[in-house]
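The letter at position 65 of the sequence shown is residue 66 when you use this note's numbering, and the numbering goes up by one with no holes.
Built from N, CA and C at the ideal position, the CB exists for glycine as well.
Everything below concerns the one structure shown next.
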Amino acid sequence: MNDYELPSDLKRILKVKKTVGLADVTTATQAEIDSYNRSDFNSRAFRKLYSPKTKDILKRTFIIPVTDGAVTGYLFEKVRDKAITGQNSLIIYFHDGGWMLGNMGKCAAVCSNICNTTGATVLAVDFRLAPQFKFPTPVEDCYSAFLWAAQGARYWKVDPDKIYVMGNCAGGNLAANVSRLARDRKGPKIAGQILISPITDCRMRTESHEKFKDSPTLTDKKMNFFIQNYSREPKDILDPMFSPLLAKDHSRLPETLILSGELDPLLDDSKLYSEALSSADTPSKFLEIKGMVHSFIDFPSLEAWKDAMFAISAFVGGRGVNGIELLSKKERKELEKKPHLIVQ
2 MNDYELPSDL KRILKVKKTV GLADVTTATQ AEIDSYNRSD FNSRAFRKLY SPKTKDILKR
62 TFIIPVTDGA VTGYLFEKVR DKAITGQNSL IIYFHDGGWM LGNMGKCAAV CSNICNTTGA
122 TVLAVDFRLA PQFKFPTPVE DCYSAFLWAA QGARYWKVDP DKIYVMGNCA GGNLAANVSR
182 LARDRKGPKI AGQILISPIT DCRMRTESHE KFKDSPTLTD KKMNFFIQNY SREPKDILDP
242 MFSPLLAKDH SRLPETLILS GELDPLLDDS KLYSEALSSA DTPSKFLEIK GMVHSFIDFP
302 SLEAWKDAMF AISAFVGGRG VNGIELLSKK ERKELEKKPH LIVQ
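Below is the structure:
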């Protein structure tokens, strides 16, 4: 039984969310999961939830070669005044869904909003999904997509020195692992990583996992289901590319911004990973979003979404993580009047 009160705007969102998508992934058949992943959502409820800002956003589709196959990439660019010169930042985005769910209609809405708010170009990667493609295939797909994007950056008027990786939940796990592979394989430089409630320790032993095991958007039951379907064998969860918190070396990683809702079972995964990076002299900042549950970052009508996106915009705009804090309501209202101060 939950003993916390949710903000009124979040309650409204969660009520609508019950009408969109899978009712319970843990009891769904693979055919139902595949159908969800392919669904072309266009309902009023979907638009209310995700409010995709598609005006003045250009979308292009690319085929990205990966080991033994190919994945699709979706590029989102904000229409720019031709008089404006210079190169954009690029955010490479890895979606959530426990490595199993990957509806690209939903992902497109999320990425369109990120593009609209930050001004950065956004590349969403439709990596191959478990259980057909288990660990480490999604990690390698995402790393291959990163290498491909780094090589093609100049064609999109993107600054190769301003490439960021970003992901939510399992996508945050993948973004963290892409950063590690880039370091260990001496790949292109990553300017920063933005991890939203990343899965960093799949042993699920933290206090927040126990406290919020019945969270309205991510339960303990769902997490176990995702982990079991993603892993090849139980010992995979101890692999640093599965549970990046368990790595021995957290040094020389990109500057890192980590955000999590206060009521998220992955709250401690986020905090502990930020602390591990900082202790190894990797610049890292953790921001806790009060009153929010897992995946709040999907819903732009939330006041908390605005707070998180202002922090992300500042980071992508070049501000160091040590200088990033959540804004007060007064500060946010002032900044909303002058969006050019944080949007590229």
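Residue i in three-state terms, based on DSSP
i      : result
THR62  : strand
MET167 : strand
TYR94  : strand
LYS331 : helix
VAL80  : coil
LYS18  : helix
ILE115 : helix
VAL344 : Low confidence applies here, because VAL344 scores a pLDDT of 46, under 50, leaving its location unreliable and the question unanswered by this model.
LYS286 : strand
VAL26  : helix
VAL356 : Nothing about residue 356 can be read from this structure; the chain reaches only from 2 to 345.
THR73  : strand
PRO431 : With the chain represented from 2 up to 345, any question about residue 431 goes unanswered, as that position is not in the structure.
ASN43  : coil
ALA131 : coil
VAL159 : strand
ASN89  : strand
ALA125 : strand
LEU322 : For clarity, residue 322 is Val in the given sequence; the question names Leu instead. Reduced to three states, the DSSP call for VAL322 is helix.
LEU11  : helix
VAL294 : coil
TYR5   : coil
Euclidean distance between Cα positions of residue i and residue j
i      : j      : result
SER252 : VAL179 : 14 Å
ASP127 : ALA109 : 10 Å
GLY120 : LYS79  : 6 Å
PHE42  : GLY319 : 35 Å
GLU33  : ILE92  : 31 Å
VAL67  : LEU246 : 26 Å
ASP35  : ILE325 : 39 Å
VAL140 : PRO217 : 27 Å
ILE65  : PHE147 : 10 Å
PHE215 : ARG155 : Checking the sequence shown, residue 215 turns out to be Asp, not Phe. Taking the straight line joining both Cα atoms gives about 46 Å.
ILE14  : TYR144 : 33 Å
SER296 : ALA131 : 20 Å
ARG206 : MET167 : 25 Å
THR62  : GLY188 : 24 Å
LEU342 : ASN89  : With a pLDDT of only 46 at LEU342, under 50, the local geometry of the prediction cannot be trusted, and the value read off the model is given with reservation. Going from the Cα of LEU342 to the Cα of ASN89 covers about 15 Å.
ILE191 : LYS12  : 37 Å
VAL362 : ASP265 : Examination of residue 362 is not possible in this model, given that the chain is present from 2 through 345 alone.
ILE200 : GLY172 : 8 Å
Residue environment, residue i, which counts as buried when at least 16 other CB atoms sit within 10 Å
i      : result
TYR94  : buried
ASN169 : buried
GLY103 : buried
GLY321 : exposed
VAL344 : Below a pLDDT of 50, predicted positions are generally treated as unreliable, and VAL344, at 46, falls in that range; the measurement from the model is reported next regardless. VAL344 is buried by the Cβ-count criterion.
ASN225 : exposed
GLU234 : exposed
Residue from the options whose Cα sits closest to the Cα of residue i
i      : options                        : result
GLY99  : SER232, PHE42, GLU6, TYR274    : SER232
MET242 : GLU234, SER209, LEU175, LEU15  : LEU175
PRO53  : ASP97, MET105, GLN88           : MET105
ASP185 : ARG39, ASP250, ASP10, LEU264   : ASP250
TYR75  : TYR51, VAL123, ARG81           : VAL123
THR73  : LYS18, SER36, TYR156, TRP149   : TRP149
LEU268 : SER209, LYS291, SER216, ASP221 : SER209
PHE316 : ILE298, GLY70, SER285, VAL294  : SER285
PHE311 : LEU102, HIS295, SER329         : SER329
LYS135 : PHE47, ALA146, GLN229, LEU182  : GLN229
LEU258 : LYS212, LEU239, GLN194         : GLN194
ASN114 : ARG333, VAL322, TRP306, PRO161 : TRP306
ARG248 : ALA277, LYS107, GLU256, MET224 : This sequence places Ala at residue 248; Arg is not what is there. Residue ALA277 is the option with its Cα nearest to ALA248.
TYR51  : TYR37, ASP299, GLU332, THR201  : ASP299
LEU138 : GLY70, PRO266, PHE213, GLY262  : In the sequence as displayed, the identity of residue 138 is Thr instead of Leu. With distances taken between Cα atoms, THR138 lies closest to GLY70.
LEU327 : GLY262, ALA281, ALA46          : GLY262
GLU6   : ASP308, ARG181, LYS291         : LYS291
message: Please give me, in chain order, every unbroken run of the beta strand (DSSP E) with length at least 3 that falls completely inside the segment 187-266.
response: Taking only runs of at least 3 residues, the beta strand (DSSP E) segments lying wholly in the segment 187-266 are 193-197, 257-262.
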